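Have a look at the structure below before the remarks.
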Amino acid sequence: MDLYLEVSLASSKLLTKAYSTSFSLGIRTLDEKVHDPIYAVYGFVRLADEIVDTFHSHDKAALLQRFREDTYLAIEEKISLNPILHSFQWAVNKFGMERELIDAFLYSMELDLTKRDYNPEEYKKYIYGSAEVVGLMCLRVFCDGDAQQYDSLKEDACALGSAFQKINFLRDIRSDYDERGRVYFPGIDFTTFTDEEKKEIEADIQLDFDAGLRGIHRLPDVARKGCLLAYEYYIRLFEKIKSLPASRIKEERIRVADWEKMFIYFQLALRK
84 MDLYLEVSLA
94 SSKLLTKAYS
104 TSFSLGIRTL
114 DEKVHDPIYA
124 VYGFVRLADE
134 IVDTFHSHDK
144 AALLQRFRED
154 TYLAIEEKIS
164 LNPILHSFQW
174 AVNKFGMERE
184 LIDAFLYSME
194 LDLTKRDYNP
204 EEYKKYIYGS
214 AEVVGLMCLR
224 VFCDGDAQQY
234 DSLKEDACAL
244 GSAFQKINFL
254 RDIRSDYDER
264 GRVYFPGIDF
274 TTFTDEEKKE
284 IEADIQLDFD
294 AGLRGIHRLP
304 DVARKGCLLA
314 YEYYIRLFEK
324 IKSLPASRIK
334 EERIRVADWE
344 KMFIYFQLAL
354 RK
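Everything in the sequence shown is counted per the working numbering, starting at 84 for the first residue and increasing by one.
Here it is in structure tokens:
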């Protein structure tokens, strides 16, 4: 591995640790040989998300378009002067991640610039691009060239990513509405969000969780424990959200305390 790639991968790791304690702990539970490419994927995803959600004093559409162009150029030329993109192109080329996955992801990020509500078809497409394809990128790493294994796990990996994203939507329903004017759930009016509507969403999430857990148990050894950790985090968050009325979800962002995350982490780290 050349020095510039080492520095680039270290940058992706630093970005991951700065933005997500939970995700960083999850990666530590994966086999060490997949750490670098997973950091590379997260760095890419995080940077795109920052463009659309936080760079308010800049032309976000122009920045995202430049990011898109730089991403594809990096993959084609197998180099980028942006360390995060250099890490990502390395992972894409090494593990054969399809351009369709990247296209879908960037399309969903672009929707966040202007889209404020979704019909069922748009909602499904957004979740695929914003979450499911990220899981599929990681699955490419975990399967490491085993196409048959990848194909057998794709559906369950998508379900797990979908469950995580829908939980995020419930957790962040207030901030998405107050700060960005968004409501991702089809047919849901934030101002009149009811317990019945919340239960319908939760039932849909549970189906995704069930399929996702089935897939986790069939993952390669390098990934199973780390993905199970993410599942346990989100199940804990899901249980907290389910126990509260819709009115409470509209008032505050529900979270899993850091001590709970560490408890789950050490439980799984010690598991054979």
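Glycine included, every Cβ here is placed at the ideal spot set by N, Cα and C. Quantities reported herein were computed from a predicted structural model and do not represent experimental measurements.
So G109 packs on L312, CB below 8 Å; how close in whole Å?
Contact flag correct, Cβ pair sits at about 5 Å.
D195 burial status per 10 Å Cβ neighbour count (16 or more: buried)
Taking every protein chain shown into account, the CB of D195 has 16 or more other CB atoms within 10 angstroms, so this residue is buried.
Whole beta strand (DSSP E) runs in the stretch 275-342 with 3 or more residues, listed along the chain?
DSSP runs (the beta strand (DSSP E)) wholly in the stretch 275-342: none.
Which residue spans inside the stretch 223-249 form an unbroken alpha helix (DSSP H) run of at least 4?
DSSP runs (the alpha helix (DSSP H)) wholly in the stretch 223-249: none.
Same chain, Cβ closer than 7 Å to A187, neighbours up to 5 away in sequence not counted
Around A187: Y211, G212 and V216.
On the three-state DSSP scale, how would you describe D186?
Residue state for D186 is assigned as helix, using DSSP reduced to three classes.
Considering only the alpha carbon of each residue, which of R301, F171 and I271 lies closest to K237?
In terms of CA proximity to K237, R301 leads the group R301, F171 and I271.
Determine the direct distance from the alpha carbon of E160 to that of R319, and round the result to whole angstroms.
R319 and E160 have their alpha carbons spaced roughly 43 Å apart.
State the Cα-Cα distance for the pair A332 and M220, rounded to the nearest angstrom.
Sequence inspection shows Ile at residue 332; the Ala mentioned does not correspond to that position. Looking at the backbone, the Cα of I332 and that of M220 are separated by about 31 Å.
So, are the CB atoms of R265 and R338 less than 8 Å apart?
No, the pair does not count as a contact, with Cβ atoms beyond the cut-off.
Roughly how many angstroms lie between the CA atoms of Y209 and Q350, to the nearest whole one?
Distance between the alpha carbons of Y209 and Q350 is about 34 Å.
Taking the alpha helix (DSSP H) that R129 falls in, what are its first and last residues?
Segment H118 to T137, the alpha helix (DSSP H) holding R129.
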